[in-house]
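Everything in the sequence shown is counted per my numbering, starting at 1314 for the first residue and increasing by one.
Idealized CB from N, CA, C, for every residue including glycine.
The structure appears below as structure tokens.
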Amino acid sequence: MPTPSSLEHWYLETVSGRRRGLLPSLTRGALTIVSWGYGLGVWVRELVYAWGLIRPLRVPARVISVGNLTMGGTGKTPAVIALAEQHRARERVAILIRGHGGERLEGVNVVHDGQRELLPVSVAGDEAVLLARRLGDIPVLAGKDRRLTAQAAVDRFGATLLILDDGFQYRRLAVDHQIVLVDATQPWGLGGLFPAGTRRDPLAAEA
1314 MPTPSSLEHW
1324 YLETVSGRRR
1334 GLLPSLTRGA
1344 LTIVSWGYGL
1354 GVWVRELVYA
1364 WGLIRPLRVP
1374 ARVISVGNLT
1384 MGGTGKTPAV
1394 IALAEQHRAR
1404 ERVAILIRGH
1414 GGERLEGVNV
1424 VHDGQRELLP
1434 VSVAGDEAVL
1444 LARRLGDIPV
1454 LAGKDRRLTA
1464 QAAVDRFGAT
1474 LLILDDGFQY
1484 RRLAVDHQIV
1494 LVDATQPWGL
1504 GGLFPAGTRR
1514 DPLAAEA
């Protein structure tokens, strides 16, 4: 039975065009068709927010988002840690993270309250716990709805600066500053728009 890592390798080799043959070609064609639907969904989402049909929540704190255009890691976690350490002396910082790798997190989940770690890796995910352990006295809140975690960070911890991990595609929370990280070796990802490639947004979104 293929392992997740071997399937991921096969997928990346296929969408990049490095894997040749009938099956990879058919797969790329099918994924391209699916990516049109995904791209349409992204386009509609952007229009909805651009036209003001849905307004993002603005909380009484500055919000910095750290994200990327592609699937996979581009150093977001080290960037979040560096930002938090840079601002911790001047502001009350809190980290907002979705909680990838743990259970499906609903509501507000305080991974670290600035004094102690409250949730294990099995619940919060390894990235959230890593941030909590590295930053120590900075609250880390996990949850898929970052509007809830943002409001909780302000209400419970008096946060004046919220750092939103993996927030470039998140539109429900008003953001003051966007930091978009790219992989210098593959700045626009492999292949095309997901799932025909590793790009999460059209290139126009980066502008």
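- For the region 1402 to 1487, the continuous beta strand (DSSP E) assignments of 3+ residues that do not extend past its boundaries occur at 1406 to 1410, 1422 to 1425, 1453 to 1455 and 1474 to 1478, in sequence order.
- Take the alpha-carbon of Asp1496 and the one of Thr1327: they are about 19 Å apart.
- Contact check between the region 1465 to 1479 and the region 1428 to 1435: fewer than three CB pairs, one atom from each, fall below 8 Å, which does not count as touching.
- Listed as beta-bridge partners of Gly1380 by DSSP are Val1493.
- For Gly1504, there is no enclosing alpha helix (DSSP H), as DSSP gives it neither H nor E.
- Counting along the chain, Ala1392 sits inside the alpha helix (DSSP H) bounded by residues Lys1389 to His1400.
- Rounded to the nearest angstrom, the gap between the Cα atoms of Trp1501 and Pro1515 is 10 Å.
- Boundaries of the alpha helix (DSSP H) harbouring Ile1346: Leu1335 to Ala1363, taken from the DSSP string.
- Shortest Cα-Cα distance from Val1434 to any of Gly1420, Leu1494, Gly1449 and Gly1412 involves Gly1412.
- The alpha-carbon of Ala1407 is positioned some 10 Å away from that of His1400.
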